[in-house]
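>
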Amino acid sequence: MWHLLEPLHAVLYYAPEAFEEAAALGYGTAERWPSYFPYRAAPLGEAGPRRVASAFYSFSPRMVAAHIEPAWRIARPGAVLQARSRAVDRAWRALFGDRVDSPELAEAAALARRAAEAAGTAGRPLAAANAALPWPRAPHLQLWHAATILREHRGDGHLAALLVAGLDPVEALVSFAAIGAASEERFASRGWSPAEWAAARDRLAARGLVDADGAATEAGRALRRQVEEHTDQLAAGPWQSLGPDGVDRLAGLLGDYWVTVLASGLLPSETTLGIGKV
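At position 87 of the sequence shown (counting the first as 1) the number is 87 in this note's numbering, and the numbers step up by one without a gap.
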């Protein structure tokens, strides 16, 4: 379900309509990060770099500070949330056309909302912040909002799994690259310096998790497998609330929309999330 819903959420960070809305607020659009950070962090309110770095985890604190320190001077979180909603509305209408008003999408939205409303938010700051926002009225925006709550719920749980595994933010990326989840060049987008990356690799090597070339050892692969299994376990509650038939029905309803997003070319072919590889 994460694989199906994540692309529907992620268009916010890549669609031209989202960049247009961000530019209207005053954010730069030469790259995606000036809008990514406020769009994703706005539900937290005027959170500073330390809080955002904590919630986002894998980004270098320097990179977070560079984008968050000016973010709320450019636009207040409430204005960013309004722009975010407009961006999703416009992007989804451009992608799906009349299908945004279809009974199938409305049914998918109702099922996804049920799952999202069943998601526990204790100890999950990004899920809680998004769950506290009002539900949109339009079914397609309800579906996006549900997908956002569910992906942040899973992400918050993933951070807990990384902490249990003893992987700090940069070690989490190095160990993920070591199993081939994405290239090291792709992970460089998280803002860590080569020296910080090398130091994290040395720490992992001292634990027997990567070899001299930086590839995961058997122990390293086992630890990452445990992280993913723990993440799935922590993310299971909302889907258990739907039951197998509800989950199967939602998966079937989402398929055409998922294909449309992937075929649009908006999303990068390689991401740091490891979708399709882990």
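We treat Cβ as the ideally placed atom computed from N, Cα and C, and that holds for glycine.
So, is ASP98 buried or exposed, given that buried needs 16 or more other C-beta atoms within 10 angstroms?
With fewer than 16 Cβ atoms within 10 Å of its Cβ, ASP98 is classed as exposed.
> At least one CB of chain B closer than 8 Å to the CB of PRO16: is that the case?
Going by chain labels, chain B is absent from the structure shown, which holds only one protein chain.
> Looking only at its chain, what residues have a beta carbon closer than 6 Å to the beta carbon of ALA55, apart from the 5 residues adjacent to it on each side?
PRO125, LEU126
> Grab me the residues of THR121's own chain with a C-beta within less than 6 Å of its C-beta, minus the 5 sequence neighbours each way, in chain order.
ALA127, ALA128, ALA131
> Pick helix, strand or coil for ALA216, following the three-state DSSP scheme.
ALA216 sits in a strand when the DSSP states are folded into three classes.
> For ALA108, report the span of its alpha helix (DSSP H) as first-last.
103-117
> Keeping to the same chain, check which residues put their C-beta closer than 7 Å to that of ALA178; ignore five residues upstream and five downstream.
When the five nearest sequence neighbours on each side are left out, the beta carbons in the same chain lying within less than 7 Å of the beta carbon of ALA178 are those of VAL210, GLY214, ALA215, ALA216, GLY220, in order along the chain.
> Cα separation between ALA116 and ALA181?
27 Å
> Can you confirm whether the stretch 20-35 touches the stretch 68-76 when touching is taken to mean that 3 or more C-beta pairs between the two stretches lie within less than 8 Å?
yes
> Is ALA147 buried or exposed, if buried means 16 or more other CB atoms sit within 10 Å of its CB?
buried
> Which whole runs of the alpha helix (DSSP H) in the stretch 156-180 are 4 residues long or more, in chain order?
169-178
> Here's a check: name, in chain order, each residue in its chain whose Cβ is nearer than 6 Å to the Cβ of ARG38, leaving out the five neighbours to either side.
The displayed chain sequence assigns Pro, not Arg, to residue 38. Same-chain partners within the cutoff: ALA71, VAL80.
> Out of HIS145, SER241, ARG154, ALA199, which has the shortest C-alpha to C-alpha gap to VAL170?
It is ALA199.
> Measuring straight from C-alpha to C-alpha, what distance separates ARG114 and LEU105?
If you take the alpha carbons of ARG114 and LEU105, they lie about 14 Å apart.
> Would you mind reading off the limits of the alpha helix (DSSP H) that contains GLY84?
A small fix is needed here, since residue 84 is Arg in this sequence, not Gly. Segment 77-96, the alpha helix (DSSP H) holding ARG84.
> At the level of alpha carbons, what is the spacing between ALA109 and ASP245?
Roughly 16 Å separates the two Cα atoms.
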